[in-house]
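K.L.:
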Amino acid sequence: MTVIDPNLILYPVFAMFFLTAAVLAHMARTRVGAVTRKEMALDFYRTYDKGEEPEQIRRITRNFINLFEVPVLFYVGVILVYISHQVNYWMVGCAWTYVALRYLHTYIHLTSNDVLTRFRVYFASGLVLLVIWSSLLVQLVRTG
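Last residue of the sequence shown: number 757 in the numbering used here, and the count goes up by one each step with no gaps.
1. With 16 as the cutoff for other CB atoms within 10 Å, does N701 come out buried or exposed?
2. By Cβ distance below 6 Å, which residues in the same chain neighbour T730 in space, the five residues on each side in sequence not counted?
3. Report yes if the CB atom of V683 is closer than 8 Å to the CB atom of L742, and no otherwise.
4. Taking the alpha-carbon of W709 as reference, which of Q752, S738, E668 has the nearest alpha-carbon?
5. When DSSP labels each residue in this structure, what does A647 get in the three-state scheme?
6. Does the separation of the CB atoms of N676 and L749 fall below 8 Å?
See the structure below:
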């Protein structure tokens, strides 16, 4: 196996963080704007049960929540790859592929919201995550 800088596996984690931060900022800006324009009552955000968010805000909120669901398995997987010294070009490539698919998923979700296309991208990202975890397991078994 080719020896590479193990820190290379961490850069996709930073990219995921920046995606999450960007969606958070977009959500905050959109919510504040809606409240300022009186499209939303500020009181809605006390308990989230008085009225409804407009669809666009709901989509941003759902996307933000999505970034704390399956991607958690990405973060854990990358940390395990890093601390178990299993970083290689394959793992780095898989990590970047996962991140690219998550960016694409967010783009689709927040623009056209084509559900079938979004699902295909989501499914592909799940397969990449499965490859990361499976590859890690195989590498750990091989190195004993």
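Glycine included, each C-beta is placed from N, C-alpha and C at the ideal position.
P.N.:
So, to answer that:
1. On the sequence shown, position 88 is the one that residue 701 refers to. Under this definition N701 is a buried residue.
2. Residue 730 sits at position 117 when you count from the first residue of the sequence shown. I721.
3. In the sequence shown, the residue the question calls residue 683 occupies position 70. In the sequence shown, the residue the question calls residue 742 occupies position 129. Yes. Within cutoff.
4. The residue you call residue 709 lines up with position 96 of the sequence shown. Nearest in C-alpha terms to W709, of all of Q752, S738, E668, is S738.
5. On the sequence shown, residue 647 is found 34 positions in, with the first residue counted as 1. Looking at A647 - three-state DSSP - the assignment turns out to be helix.
6. In the sequence shown, counting from the first residue as 1, residue 676 sits at position 63. In the sequence shown, counting from the first residue as 1, residue 749 sits at position 136. Not in contact: N676 and L749 (Cβ atoms no closer than 8 Å).
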